[in-house]
Each structure stands twice: as C-alpha cells, then as structure tokens.
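Novice: Residue numbers (the numbering used here): 1 to 232.
One structure, as structure tokens, below. Some questions next.
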Ligand code: URA
C-alpha cells in the first residue's frame, strides 16, 4: 500500500496528517527517511514515525463521511458502494457496522472485526446513534413528547425505545436512538406526522464524525475510539 496510507492505518492520523509527517521527514522506511507519500511499501515494511516503529494492527477500523448516493454495502450493481471509495488493499475483508440509507450522509463505521461491529449493531448492547434530522415541518410539542416516549411504527406492534430529542433550529433536530430498525428515523418521524428531508449521522456510541472529513473521506479510528465500543 502507499506509505501515507500505511502511516495513517498504523497511527490513526488522517491521510493528510500522514502526508504532512512524511513530507516533514518524520517517517523512515527500512531505516532511511522517506518523503515520498505515494511510495508503495509492503505490509511488513519496517516503517517508523519519529523513531517509533509502526505496525499495522491486525484488525482495521475506519470511519467514513458517507456521501449521498453511496450504498452501505460491499457490492451493488446500480450505485457506488462505501467500499468502492477505499483503496482495494484497505477495503479487503471490511464490513459495515450499521448501514445508512442511500440518501443518508455522515458517520459510517467499517471494520474487519466482527465482534466489535456486533457490539454496535446488536439490539442488546443499546449503542446510541445520533442523527441530525432536517424536517419537512416544524416539530410540534406533542410530536417531541411522542418521540421521547416511543412511537408505534407502521406495520410493527412494539413501540420504539425512548429517544433523546434536541431541537437545533426550527426544522432541525438531533435524534438519538439505540435501535436500528429498518429506516427507523424516517419511520419515526412519519409516525408523528412529519417527514425527513435530510438525514445525517453524527455519532455512534462515543465515536463522533470527524469534522475534518469531507463527504467521501475516511480515516482510521484512533485506539481510544476503538476501545470506546468495547468498554461502552
Ligand atoms: N434511519 C433511517 O431512516 N435511515 C438511515 O439511514 C438511518 C436511520
């Protein structure tokens, strides 16, 4: 893989930060300073950052700012997938921890670690997910109370778990839910007589979408972000 990708994967630095470190002469390959960010190196190359040897972690954990029109799947015949946005060597064996609809943007987590993603997606672990929701109508007080208490979704017979609602603007709320039912946010808003105009995931558990990531960009998760899921 490319040297900047290698450094980013090992350290949690963004690709841009890794490039900067390489350009600044902080990275050595096989003991010699290398300022060429796109140099191809093997997975077992001896790379160091400021003298500290770097090793690729056994598992990979990434966050992506998912753009609209990209599918949260590993393969799709009609649309580009989130994995298509990654270099092939990084995409290998990754799966998505908690899908987003085609038109939903924001925090998408990708990993090779099945146990870790299970903690995010399993209904038992109660992992909260926060969405910024642009609404078609202003939210009435009754609708807010209903969302907070739990609503009945169409064709379902159990109420949603209590949600957290934060009013951000006249037609913008942040909604935190701890389930992942099919199209849940859109259906919750429909259940209270409103509708979703735009949906953007900002947080999963303690992991917040990095504001430095433009749509389509990604970075490795930091050790702390990875550990937050196991301890959450
Ligand atoms: N709820 C939805 O309706 N869509 C998403 O993409 C995520 C949550």
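From the three backbone atoms N, C-alpha and C, an ideal C-beta is built for every residue, glycine too.
Predicted, not measured: the structure shown is a model, and the values here were computed from it.
Based on Cα-Cα distance, which residue from 6, 163, 151 lies nearest to residue 48?
Specialist: Position 48 of the chain shown, counted from the start, is the residue given in the question as residue 48. Nearest C-alpha to residue 48: 6.
Novice: Hey, residue 127 and residue 204 are a contact pair by Cβ (cut 8 Å); roughly how many whole angstroms apart?
Specialist: Locating residue 127 in the chain shown gives position 127, where the first residue counts as 1. Locating residue 204 in the chain shown gives position 204, where the first residue counts as 1. Contact holds; Cβ gap of about 7 Å.
Novice: Looking only at its chain, what residues have a beta carbon closer than 7 Å to the beta carbon of residue 165, apart from the 5 residues adjacent to it on each side?
Specialist: Mapped onto the chain shown, residue 165 falls at position 165. Result list for residue 165: 144, 147, 148, 173, 175, in chain order.
Novice: Enumerate, from N- to C-terminal direction, the unbroken beta strand (DSSP E) stretches of 3 or more residues contained entirely within the segment 91-138.
Specialist: Those beta strand (DSSP E) runs which fall completely within the segment 91-138 and span 3+ residues are 105-111, 129-135.
Novice: Does the Cβ of residue 176 lie closer than 6 Å to at least one heavy atom of the ligand URA?
Specialist: As a first step, residue 176 must be located in the chain shown, where it is residue number 176. Answer for residue 176: no, Cβ out of range of the ligand URA.
Novice: Could you tell me if the beta carbon of residue 203 falls within a distance shorter than 6 Å of some heavy atom in the ligand URA?
Specialist: Looking up residue 203 in the chain shown gives position 203. Not so, every heavy atom of the ligand URA lies at least 6 Å from the Cβ.
Novice: Taking the alpha helix (DSSP H) that residue 11 belongs to, which residues open and close that run?
Specialist: Here the question's residue 11 lines up with position 11 in the chain shown. 3-11 is the extent of the alpha helix (DSSP H) around residue 11.
Novice: Could you tell me whether the Cβ atoms of residue 195 and residue 189 are closer together than 7 Å?
Specialist: In the chain shown, residue 195 corresponds to position 195, counting from 1. In the chain shown, residue 189 corresponds to position 189, counting from 1. A contact, by the Cβ cut-off of 7 Å.
Novice: Could you give the distance in angstroms between the alpha-carbon of residue 25 and the alpha-carbon of residue 52?
Specialist: Counting from one through the chain shown, the residue named residue 25 turns up at place 25. Counting from one through the chain shown, the residue named residue 52 turns up at place 52. Each residue's alpha carbon lies about 13 Å from the other.
Novice: For residue 66, is the beta carbon positioned less than 6 Å from some heavy atom of the ligand URA?
Specialist: By one-based count along the chain shown, residue 66 stands at place 66. No; taking the cut-off as 6 Å, the Cβ of residue 66 has no heavy atom of the ligand URA nearer than that.
Novice: List in chain order: all unbroken beta strand (DSSP E) runs of 3+ residues lying wholly within the segment 152-177.
Specialist: Entirely contained in the segment 152-177, the beta strand (DSSP E) runs reaching 3 residues are, in chain order, 164-169, 172-177.
Novice: Run through DSSP, which three-state label would residue 229 get?
Specialist: Within the chain shown, the letter at position 229 stands for residue 229. Helix at residue 229.
Novice: Just to confirm, are residue 140 and residue 151 a CB contact at a threshold of 7 Å?
Specialist: The sequence position of residue 140 within the chain shown is 140, counting from 1. The sequence position of residue 151 within the chain shown is 151, counting from 1. Their beta carbons are not under 7 Å apart, which means residue 140 does not touch residue 151 by this criterion.
Novice: Could you work out which residue in 101, 31, 65, 29 is closest to residue 73 when comparing CA atoms only?
Specialist: The sequence position of residue 73 within the chain shown is 73, counting from 1. For the residues 101, 31, 65, 29, the minimum Cα distance to residue 73 belongs to 101.
Novice: What separation, rounded to the nearest whole angstrom, lies between the Cα atoms of residue 214 and residue 79?
Specialist: Looking up residue 214 in the chain shown gives position 214. Looking up residue 79 in the chain shown gives position 79. Looking at the two C-alpha atoms, the distance is approximately 20 Å.
Novice: Among residues of its own chain, excluding the 5 on either side of residue 37, which ones have a beta-carbon nearer than 8 Å to its beta-carbon?
Specialist: Locating residue 37 in the chain shown gives position 37, where the first residue counts as 1. Around residue 37: 2, 3, 4, 18, 19, 22, 23.
Novice: Any idea what DSSP makes of residue 60, helix, strand or coil?
Specialist: The residue labelled residue 60 in the question sits at position 60 within the chain shown. Coil.
Novice: Residues in the same chain with beta-carbon distance under 6 Å from residue 30, minus the five sequence neighbours each way, listed in chain order, please.
Specialist: Translated into positions along the chain shown, residue 30 becomes position 30. These residues qualify, in order along the chain: 46.
Novice: Let me check understanding here. Comparing Cα to Cα, which of 219, 223, 116 lies closest to residue 16?
Specialist: Looking up residue 16 in the chain shown gives position 16. Minimum Cα distance to residue 16 is reached at 219.
Novice: Taking the beta strand (DSSP E) that residue 219 belongs to, which residues open and close that run?
Specialist: In the chain shown, the residue the question calls residue 219 occupies position 219. Taken as a continuous stretch (DSSP letters only), the beta strand (DSSP E) holding residue 219 covers 218-220.
Novice: Which stretch, first to last residue, makes up the beta strand (DSSP E) that contains residue 48?
Specialist: For the purposes of this step, residue 48 is taken as residue 48 along the chain shown, with counting starting at 1. Start and end: 47-49.
Novice: Return helix, strand or coil for residue 54, following the three-state DSSP convention.
Specialist: Reading the chain shown from its first residue, position 54 is the one you call residue 54. Three-state DSSP puts residue 54 in a strand.
Novice: Using 6 Å as the cut-off, classify the Cβ of residue 121 as near or not near the heavy atoms of the ligand URA, replying yes or no.
Specialist: On the chain shown, position 121 is the one that residue 121 refers to. Not so, every heavy atom of the ligand URA lies at least 6 Å from the Cβ.
Novice: Going by DSSP, name the residue or residues bridged to residue 183.
Specialist: For this step, residue 183 is matched to residue 183 along the chain shown. Answer by DSSP bridge pairing: none, since residue 183 is not bridged.
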